[in-house]
Structure formats: structure tokens, C-alpha cells
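A.B. asks: Residues 861 to 1157, numbered by our numbering, are exactly what the sequence shown covers, in order. Where a beta carbon is used, it is the ideal one built from N, C-alpha and C, also for glycine. All values derive from a computational prediction rather than experimental measurement.
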Amino acid sequence: MSVGLLAVVDDILAAAMKASAKTAGVVIDDAAVTPQYVQGLTPARELPVVWKIALGSLVNKFVIIIPIALLLTAFAPWILPYLLIIGGGFLCFEGAEKVLEWFGMHHAVADDGPRDERKLVFGAIRTDLILSTEIMLISLASLDADFGIWMTLGALLVIGFAMTVAVYGAVALLVKIDDIGLRLMKSASRRVRRTGARIVAGMPAVFRVISVIGTVAMLWVGGHLVIANLAETFWHAPYDVVHAITHAIEAAGAVVVWIVDTALSAVAGLALGLVIVGIVTLASRALRRTPVTEDAH
861 MSVGLLAVVD DILAAAMKAS AKTAGVVIDD AAVTPQYVQG LTPARELPVV
911 WKIALGSLVN KFVIIIPIAL LLTAFAPWIL PYLLIIGGGF LCFEGAEKVL
961 EWFGMHHAVA DDGPRDERKL VFGAIRTDLI LSTEIMLISL ASLDADFGIW
1011 MTLGALLVIG FAMTVAVYGA VALLVKIDDI GLRLMKSASR RVRRTGARIV
1061 AGMPAVFRVI SVIGTVAMLW VGGHLVIANL AETFWHAPYD VVHAITHAIE
1111 AAGAVVVWIV DTALSAVAGL ALGLVIVGIV TLASRALRRT PVTEDAH
């Protein structure tokens, strides 16, 4: 009996490893996006905030995404593409807002201390919900259709836990690199002190680069989600355009094709995100003006 149990566990782990390999791109996106949320915090609050976001990510996967994905796959598989379109649109919206911030077209929220930290954690968990949804749905689609409900559930739980540890472990290490640099600066070795000083001096630039990568990742993943799932529902044209362009440059090699495909998805995501930002801005202005109009009458 124990041999049978070990065989089941082995099958689950093997299936989880195979399925999770296809989510590598989204995992990288998740790891690139998350460090933005701890910028501006005091060093003492960085790891606690990362821990809160990681716990929220586990809740997203185990309590929300996996149960709903399994239920929808069993009873209403047609609705999944529409949910992914909505999630992709949200990522495009957030990415476009960050791009506008680069050009000074968006006002930063004032720092209110602990209250801001709660908003920060909530925003990170909200974004993680979209990225985790894609990770889990890609994993679900990669599993054998004859795997069985309990084996599928086991594989998804393993993937969800492993991806969360990988992403937020990397994030925790990244946000504490400057502290490592400070410790190196106290070393008796002059060479080690110089290395520590370079690490500390270089971290602001590293975080700026990460911020850019994270924003591009949002636009890329969001644009890809929208284009791919529109093709599965009611509008094939955007996907056909991307496919035609990438097909035309296949001779350039897989790397070039991937770069072009990613760039097209990011540009589409930015365009869609700017449209959504415009709609949200106009709607919010209209809602603010409504009471004034009523008072005037």
C-alpha cells in the first residue's frame, strides 16, 4: 500500500514539474513585478511585507484559483477565456498607469505610514491574483486530461506552493541585497568592503530596472492574455496579425520570434491599458461632477 502511495506521489510530482516548466515566463514576470511593492519601505518592514504578500499569494492559489478553476473546468469551461480577458485587461490598466507615471502624468499617493502599507500589500496580492491565475490555468491545461480530479488537484497544489516559494524567496533575497552589502562594508577586508559599497550604491539603479521590467511584464502578460483569449472567444483578428508577423520572421530563429511576439503583446497591452485608463478617468470625473450638477438644478 505504501508503495502505491509513493507511486501516486511520484506521478503527481512528475506531472507538476512538467506542467510548471511551461509557466516559467509568467513566474519571471511575477518575480519582476513584486519588488516594486516594497520600494520606499523601511528595511525592517521589507521582509514582513513580502511575507504578507506571499501568504496572500497562497490564499489566491489554494482558496480562490484552484477550486474555481477545477469547478469551471468541470461545469463551465467556456467562461475561463472571458475571465482571463478581464484579468489581462486589468494588468494592461496597471501597466499603462505606471508608464504614465514615468512621464509625470499621474500623481503619487501620499505616504500615510501603516495605512499605505496595507494598501500596498492589497495591491500586490490583487496583481498576484491575475498572474497566479495564468500560472495555474497554464499548469491545468498542461496536465493530462485523464489524470483524474484528485491527482490534478494534488499536482496543482504542488505547483502553487513551489511557484510561491520560488517567486517570493527570490523577491525576499532581492530586497535584502542592500542589507547584505551593508554587512559586507563592515568586513575587515578592504576588497569585501568595496564590494559591499558597490552593492549598496547600485541598488537604486537595480530597483529602477526592476520597475521597468515589472511594468513591461504586466503589459506583456496582459496583452498576451487578451489577444490569446479573444481568439478563443469572438475576435480572432489581433491573434492573426501577431501570428502573421511572427510567421514571417521564423527564419530569424526562435529567440527573435519570441522577442517580437513579446514586444507585440506589450505594445497591444499598452494600447489597451491607455484606453482603459482613459475610460476610468472620464468615468471618475463624471461621477465627481454628478453631485454638482444636481445641486445646480
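Between the alpha carbons of K1036 and L1042, how many angstroms are there, rounded?
C.D. replies: Distance between the alpha carbons of K1036 and L1042: 10 angstroms.
A.B. asks: Please name the residue, chosen from F982, G948, G955, L960, that lies closest to V898 on a Cα-to-Cα basis.
C.D. replies: For the residues F982, G948, G955, L960, the minimum Cα distance to V898 belongs to F982.
A.B. asks: For the alpha helix (DSSP H) holding A936, just list the boundary residues, first then last.
C.D. replies: No alpha helix (DSSP H) holds A936; DSSP gives it neither H nor E.
A.B. asks: For a quick check, are the C-beta atoms of G948 and I990 less than 9 angstroms apart?
C.D. replies: Yes, the pair counts as a contact, with Cβ atoms nearer than the cut-off.
A.B. asks: Which value, in whole angstroms, describes the spacing of the CA atoms of M996 and R1050?
C.D. replies: The alpha-carbon atoms of M996 and R1050 are separated by roughly 48 angstroms.
A.B. asks: Cβ atoms of G1082 and G1129: under 9 angstroms apart, would you say?
C.D. replies: In this structure, G1082 lies closer than 9 angstroms to G1129 by Cβ.
A.B. asks: Suppose the cutoff is 8 angstroms on Cβ atoms and the five residues either side in sequence are ignored; what does the same chain contact list for I1059 look like?
C.D. replies: So the list reads I1037, D1038, I1040, G1041, L1044, once near-sequence residues are dropped.
A.B. asks: As an exercise, report each continuous alpha helix (DSSP H) stretch of at least 4 residues that is fully enclosed by the stretch 983-1068, in chain order.
C.D. replies: Whole alpha helix (DSSP H) segments, 4+ residues: 1009-1035, 1037-1044.
A.B. asks: When burial is assigned at 16 or more other CB atoms within 10 Å of the CB, is I946 buried or exposed?
C.D. replies: Exposed.
A.B. asks: Would you identify the three-state DSSP class for W962, choosing helix, strand or coil?
C.D. replies: Three-state result, W962: helix.
A.B. asks: Using 10 angstroms around the beta-carbon of R1148, count the other beta-carbons present and answer buried if the total reaches 16, otherwise exposed.
C.D. replies: That one is exposed.
A.B. asks: Just curious, the alpha helix (DSSP H) that T1093 is in, first and last residue?
C.D. replies: Neither: T1093 is in no alpha helix (DSSP H) and is coded neither H nor E.
A.B. asks: Work out the CA separation of P927 and T894 for me, nearest whole Å.
C.D. replies: Answer to the nearest angstrom: the Cα atoms are 24 angstroms apart.
A.B. asks: Along the alpha helix (DSSP H) that carries G1172, what are the first and last residues, could you check?
C.D. replies: Since the first residue of the chain shown is 861 and the last is 1157, residue 1172 is not available in this structure.
A.B. asks: How would you label S1047, buried or exposed, when you count the other beta carbons within 10 angstroms and need 16 or more for buried?
C.D. replies: So S1047 counts as exposed.
A.B. asks: Express the C-alpha separation of G1062 and A984 in angstroms, rounding to a whole number.
C.D. replies: A984 and G1062: Cα-Cα distance of roughly 25 angstroms.
A.B. asks: Is it buried or exposed, V869, if we count other Cβ atoms within 10 angstroms and call 16 or more buried?
C.D. replies: When all chains shown are included, V869 counts as exposed.
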